[in-house]
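Right, one structure below, let's go through it.
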Amino acid sequence: MANYHAMDIELAAQEMLRASGAVALPVDLNRILLTYNVELRHARLEDNVSGVLVAKQHETYLIVNESHHINRQRFTIAHELGHFQLHHHGEERLFIDTEMRIYQRVGQPGDATYMSPSSTTTPQEEREANMFAAALLMPAPLIQHAALQHNLWDEFDVASLARTFAVSEQAMSIRLQQLKVVESAISA
Ligand SMILES: [Zn+2]
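Residue numbering for the sequence shown follows this note's numbering, starting at 66 and increasing by one per position.
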């Protein structure tokens, strides 16, 4: 399976938003799940398990760990939607996600960080699903628009941006760095 380019992932996420009519903030994940016929179930999973995607030929459901913070649940759902959109090609497949790797996504962690005997996905797939999740929850055009109205030198503004998009402050910080918003603000 060929790897996706970052721009392909951005566009795939934007297409999912467009097809679902999910245009308001924070991004309405339920609307996307409904549009793509993915059933959401909440369960009290082991603490290190964030979510599970069960993809079958005619039925797909997603289980999220209900004991996690709501923002983390949203990121997990978006991550699993990434697997659904990028890595599921009609075959039956089970994706089990332990320990969200968002905080390790910047830079290239050694593959050993990702791989475990029980791993159901490749490190590349995990990176792609995380990129997709960030692109889905924090669409680039909306981030860039919001950035024009915020002073990103101010950490409180990162916090308020995070609240607007219903993501963690860490996720927002990573996304801003990824989109070079912070750098372009500095050079402006
Ligand atoms: Zn995953």
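Even for Gly, the Cβ is constructed at its ideal location relative to N, Cα and C.
### Task
Label aspartate 162 either buried or exposed according to how many other C-beta atoms from any shown protein chain fall within 10 Å of its C-beta, with 16 as the threshold for buried.
Flag for aspartate 162 reads buried.
### Message
ligand 1 and histidine 133: does any heavy atom of the ligand fall closer than 8 angstroms to the residue's C-beta?
### Response
Outside the cutoff, so no.
### Buried or exposed by the 16-neighbour rule on C-beta atoms within 10 Å, applied to proline 206
Exposed is the call here.
### Cutoff 7 angstroms; reference alanine 231; Cβ partners in own chain excluding five residues on either side
For alanine 231, the CB contacts under 7 angstroms within the same chain, skipping 5 residues up- and downstream, are Pro91, Asn136 and Arg139 in chain order.
### Query
Between glutamate 156 and glutamine 189, is the Cβ-Cβ spacing less than 9 angstroms?
No, these two residues do not count as a Cβ contact at 9 angstroms.
### Query
Does the beta carbon of threonine 229 fall short of 8 angstroms from some heavy atom of ligand 1?
At a threshold of 8 angstroms, threonine 229 does not count as near ligand 1, since its beta carbon sits no closer than that to any of the ligand's heavy atoms.
#### Entry: Chain-ordered list of residues that sit, by beta carbon, closer than 6 angstroms to a heavy atom of ligand 1
So the residues near ligand 1 by this Cβ test are His144, His148, Phe160, Asp162, Thr186, Glu191 and Ala194.
#### Entry: valine 88, buried or exposed, once every other Cβ within 10 Å from all chains shown has been counted against 16
With a 10 Å radius around the Cβ and a threshold of 16 neighbouring Cβ atoms, valine 88 comes out exposed.
### Query
To which residues does DSSP link arginine 106 through a beta bridge?
Residue pairing from DSSP places arginine 106 in a beta bridge opposite Ile128.
### Query
Run through DSSP, which three-state label would alanine 84 get?
It is helical.
### Query
If we count the other Cβ atoms within 10 Å of its Cβ and call it buried at 16 or more, is leucine 213 buried or exposed?
Answer is exposed; the Cβ neighbour count stays below 16.
### Query
Between which two residues does the beta strand (DSSP E) carrying leucine 159 extend?
First-last of the beta strand (DSSP E) with leucine 159: 158-163.
### Task
State buried or exposed for glycine 172, treating a residue as buried only when at least 16 other CB atoms are found within 10 Å of its CB.
Model confidence at glycine 172 stands at a pLDDT of 38, short of 50, so the residue's coordinates are unreliable; what they give is reported in the following sentence. By the 10 Å Cβ count, glycine 172 comes out exposed.
#### Entry: Where the beta strand (DSSP E) through glycine 155 begins and ends
Element bounds for glycine 155: n/a, residue is neither H nor E.
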